[in-house]
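Residue numbers (the working numbering), protein chains in the order written: chain A, 1 to 61; chain B, 62 to 476.
Virtual Cβ for every residue (Gly too), placed ideally from N, Cα, C.
Take a look at the structure set out below.
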């Protein structure tokens with residue numbers, strides 16, 4: 001299942017915190033950074049590509 | 062009734078005489094009755110006057126055939142400023158207030174705090190009653206309030222498809238955030254609107270991430286369906302968080318109290334329902350910059366570490382290290398050899414012990430002590446019962462073998 005926007009943003013915030021902590025090795029940091037950069041891109045794409053849509057429910061069930 | 066305590070002396074005929082203030086005080090006392098405090102009174106407005114002071118003076122009257130009754134009323138400026146309509150003579154109204162005596166003029170009057178046109182007034186009272194009942198059911202309790210989702214994918218809207226509210230909501234959301242707006246259409250005013258609104262809420266519940274229930278501004282009558290318990294209960298029972306936005310800032314409806322959030326207007330509800338795309342994008346690029354900076358910092362730190370190591374790998378230093386290492390290696394080798402030798406020694410003496418032990422158990426060693434072994438047809442004979450007179454056997458002795466013939470067998474005991 002694909003992640004929701006909220007989950008992606010939450011993961012991204014976690015990644016920034018991990019990089020800030022500096023506990024990860026350099027290799028890990030690079031991997032984490034790459035993941036973070038991908039998430040930023042995906043989030044931006046989601047926000048950028050989509051437009052508001054309007055649908056209407058029928059009045060009958 | 063006992064008239065007590067006239068202060069002036071009786072006249073010469075012994076009749077008690079009261080001061081005006083005494084009588085007035087007595088009347089005040091009589092009218093100081095809880096049945097006349099905080100009451101709703103219905104009547105027709107007569108002699109209505111807007112005083113320049115802002116206070117309102119008029120009467121409420123009631124006609125019943127030939128009988129009529131009238132009570133003087135006053136509405137002080139502070140309360141009159143809250144009037145939502147202009148009273149006129151002949152209007153049927155509901156007034157809420159307390160009967161008080163105005164001693165300087167020797168009159169009693171209804172001091173009014175709230176004044177409503179009778180039709181809406183009655184509905185207003187009904188709303189008050191519903192509010193108490195629904196509150197008692199716990200539908201308005203703050204513990205029921207749930208947080209709204211931060212990034213809803215679908216926003217449900219329960220309102221009129223042709224109303225201003227829908228236009229306002231669409232314009233705000235299209236400007237802010239790319240959500241899908243799902244309209245659950247309903248009438249929002251008029252007879253039976255409350256049932257339709259409640260049904261529209263139930264229909265969309267669970268299909269979206271957040272629901273906006275509302276309509277644009279209108280009269281108390283127009284907003285009335287949003288007070289109905291059917292609507293309030295439908296809102297309270299929603300699994301999906303609900304934002305209520307009924308009318309303008311000053312308007313409240315009971316469904317506001319049951320919703321997870323009350324927004325002053327439909328536009329404000331839309332703003333609360335979705336985040337601002339631009340803000341989110343700013344947060345994202347902030348994260349990107351921060352990550353870059355952190356990684357670069359990290360790389361720079363590692364770079365200087367490497368530089369430091371390189372400096373420490375000066376040839377002479379290195380050579381000395383190699384020598385050190387070689388020497389330590391030689392020491393280790395020597396140690397290893399010596400411990401291996403010791404091990405072998407230990408193993409040897411252990412072997413000697415085992416051997417001595419084995420020798421002790423060797424059957425042939427018994428021959429040394431004078432025992433012999435009887436063999437018959439190549440097998441050791443362990444029992445006299447294996448032999449019969451006339452059998453040929455071999456006796457193995459310490460220093461030779463003897464052939465023998467069994468002459469007689471005697472068993473030690475019968476078994």
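- Between residue 2 of chain A and chain B, the shortest Cβ-Cβ separation is not below 9 Å.
- With 16 or more other Cβ atoms from the protein chains shown falling within 10 Å of its own Cβ, residue 33 of chain A counts as buried.
- Residue 222 of chain B belongs to the set of residues whose beta carbon lies under 9 Å from a beta carbon in chain A.
- Counting only Cβ-Cβ distances below 8 Å, residue 28 of chain A has no contacts in chain B at all, with the closest Cβ about 10 Å away.
- Residue contact check for residue 105 of chain B against chain A: no CB pair falls below 9 Å.
- In this structure, the beta-carbon distance from residue 115 of chain B to residue 138 of chain B falls below 9 Å.
- Here DSSP, grouped into helix, strand and coil, assigns residue 37 of chain A to helix.
- In the DSSP assignment, residue 299 of chain B falls outside any alpha helix (DSSP H) and carries neither an H nor an E.
- Burial state of residue 288 of chain B is buried, judged by a 10 Å Cβ sphere holding 16 or more other Cβ atoms.
- For the stretch 206–218 of chain B, residues whose beta-carbon sits nearer than 8 Å to a beta-carbon of chain A comprise 210, 211, 212 and 214.
- Closer than 9 Å at the C-beta level to chain A, one finds these residues of the stretch 250–276 of chain B: 257, 260, 261, 264, 265 and 268.
- The Cβ of residue 327 of chain B sits no closer than 9 Å to any Cβ of chain A.
- A Cβ-Cβ distance of about 7 Å is found for the pair residue 270 of chain B and residue 301 of chain B, placing them in contact under the 8 Å criterion.
- Per DSSP, residue 78 of chain B lies in no alpha helix (DSSP H) and is assigned neither H nor E.
- Its Cα nearest to that of residue 119 of chain B, the residue B:169 stands out among B:169, B:96 and B:125.
- Contact annotation, residue 216 of chain B with residue 335 of chain B: C-beta distance approximately 6 Å; criterion of less than 8 Å satisfied.
- Here residue 220 of chain B is buried. Its C-beta has 16 or more other C-beta atoms within 10 Å.
- Residue 169 of chain B sits in a strand when the DSSP states are folded into three classes.
- Residue 128 of chain B carries a strand assignment under DSSP once its states are collapsed to helix, strand and coil.
- Of all residues in the stretch 285–307 of chain B, none places a beta-carbon less than 7 Å from a beta-carbon of chain A.
- Scanning chain A for C-beta atoms nearer than 7 Å to the C-beta of residue 234 of chain B yields 52, reported in chain order.
- Within the same chain, 191, 195, 200, 315, 316, 318 and 319 come within 8 Å of residue 293 of chain B by CB-CB distance, once the 5 residues on both sides are set aside.
- For residue 105 of chain B, the enclosing beta strand (DSSP E) stretches over residues 100–111.
- In the structure shown, residue 321 of chain B falls within a coil segment according to DSSP collapsed to helix, strand and coil.
- Interface residue (Cβ-Cβ distance to chain A less than 9 Å): residue 200 of chain B is not classified as such.
- 9 Å or more divides the Cβ of residue 227 of chain B from the Cβ of residue 233 of chain B.
- Residue nearest to residue 283 of chain B within the set B:451, B:255 and B:296 is B:255 (criterion: CA-CA distance).
- For the pair residue 240 of chain B and residue 212 of chain B, the Cα-to-Cα distance works out to about 9 Å.
- Between residue 186 of chain B and residue 156 of chain B, the CB-CB gap reaches or exceeds 9 Å.
- For residue 306 of chain B against residue 326 of chain B, the beta-carbon gap comes to about 6 Å, under 8 Å, which counts as contact.
- Remark: C-beta atoms of residue 455 of chain B and residue 437 of chain B approach each other more closely than 9 Å.
- Restricting attention to B:462, B:102, B:113 and B:328, the CA atom closest to the CA of residue 123 of chain B is found in B:102.
- Among the residues of the stretch 237–248 of chain B, those with a Cβ less than 7 Å away from any Cβ of chain A are 239, 240, 241, 242, 243, 244, 245 and 246, in the order of the chain.
- Secondary structure note for residue 455 of chain B: it is in no alpha helix (DSSP H), and the uninterrupted beta strand (DSSP E) holding it is 453–458.
- Annotation: the stretch 188–249 of chain B contains the following complete segments of the beta strand (DSSP E) (minimum length 3 residues), in chain order: 215–220 and 241–246.
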